[in-house]
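In the numbering used here, the protein residues as written are 217 to 438.
Here it is in structure tokens:
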């Protein structure tokens, strides 16, 4: 229970630092609990606290991973379960690097290409038996895929560059192969607008995109 007399004493008679230390001991979650705040704000604070906790132990996790990388690779190769501590450390390091990519990258679809930093990270993750969390990257992929579909709908036939629909299909297949879960809903809306406004027969590329996004095509229906 809260010792009000002690709290008042620390405030009026002690110095600011001793009061601060006592307040931190009493209010371990802060003076306001997260459930008293608006949901959006509480989720943002919780996310920040989680991230700060990760950063506090990131160096330790990196050291654990580097000291035991060979062991993790060997255990995964023979199908043995690694110690939870080693798996947790490796997962933390890999997912934190993915978060950094989500903040620093300018062209996210380029990350899906062979030889990219993401491809290297995925290769290392597979060797360690770790499944990366692509949650923070997926929305950026969706946004850039939408832009490609929009460009395709306004494409100038005289252009000698690769058609945006072909690039979109290429990256959709790459994301699927890597295991990145793309929410199809925004892309379906964009594609539907193209389909109802297009004045020319559907190209094979556009049909493949429709199939990748879950549309039923004439070939599937027959």
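Idealized CB from N, CA, C, for every residue including glycine.
Beta-carbon separation (whole angstroms), residue i vs residue j, contact threshold 8 Å
i, j, result
"residue 390", "residue 328", "4 Å"
"residue 362", "residue 403", "6 Å"
"residue 325", "residue 382", "About 13 Å separates the two Cβ atoms, so there is no contact after all."
Short Cβ contact (8 Å threshold) for residue i with residue j
i, j, result
"residue 316", "residue 270", "no"
"residue 314", "residue 274", "no"
"residue 385", "residue 424", "yes"
"residue 337", "residue 294", "no"
"residue 318", "residue 364", "no"
Inter-residue Cα distance where the pair is residue i and residue j
i, j, result
"residue 291", "residue 283", "14 Å"
"residue 431", "residue 357", "20 Å"
"residue 217", "residue 241", "Per-residue confidence for residue 217 stands at a pLDDT of 47, beneath the threshold of 50, marking its modelled position as unreliable; the derived number appears in the next sentence. C-alpha separation (whole angstroms): 12 Å."
"residue 231", "residue 221", "16 Å"
"residue 212", "residue 419", "Residue 212 cannot be examined here, being either before or after the span of the chain that is shown, 217 to 438."
"residue 278", "residue 387", "31 Å"
"residue 234", "residue 265", "24 Å"
"residue 238", "residue 261", "23 Å"
"residue 340", "residue 285", "10 Å"
"residue 436", "residue 395", "Unreliable placement is indicated for residue 436, whose pLDDT of 47 sits below 50; the coordinate value is still reported in the next sentence. Their backbone Cα atoms lie some 24 Å apart in a straight line."
"residue 417", "residue 393", "29 Å"
"residue 259", "residue 332", "33 Å"
"residue 254", "residue 263", "14 Å"
"residue 268", "residue 330", "32 Å"
"residue 347", "residue 321", "21 Å"
"residue 225", "residue 300", "46 Å"
Chain-order list of residues whose beta-carbon lies under 7 Å from that of residue i (same chain, five-residue window excluded)
i, result
"residue 288", "298, 302, 306, 344, 345"
"residue 429", "400, 403, 404, 407"
"residue 371", "379, 380"
"residue 256", "none"
"residue 349", "311, 314"
"residue 296", "none"
"residue 276", "none"
Interface flag, residue i vs chain B, CB-CB below 8 Å
i, result
"residue 346", "Of the protein chains in the structure, only one exists, and it is not chain B."
Nonlocal neighbours in the same chain, by C-beta distance under 6 Å from residue i, ignoring five residues either side
i, result
"residue 413", "none"
"residue 369", "410"
"residue 280", "305"
"residue 334", "327"
Neighbourhood of residue i by C-beta, 8 Å cutoff - its chain only, sequence neighbours within 5 removed
i, result
"residue 351", "none"
"residue 323", "360"
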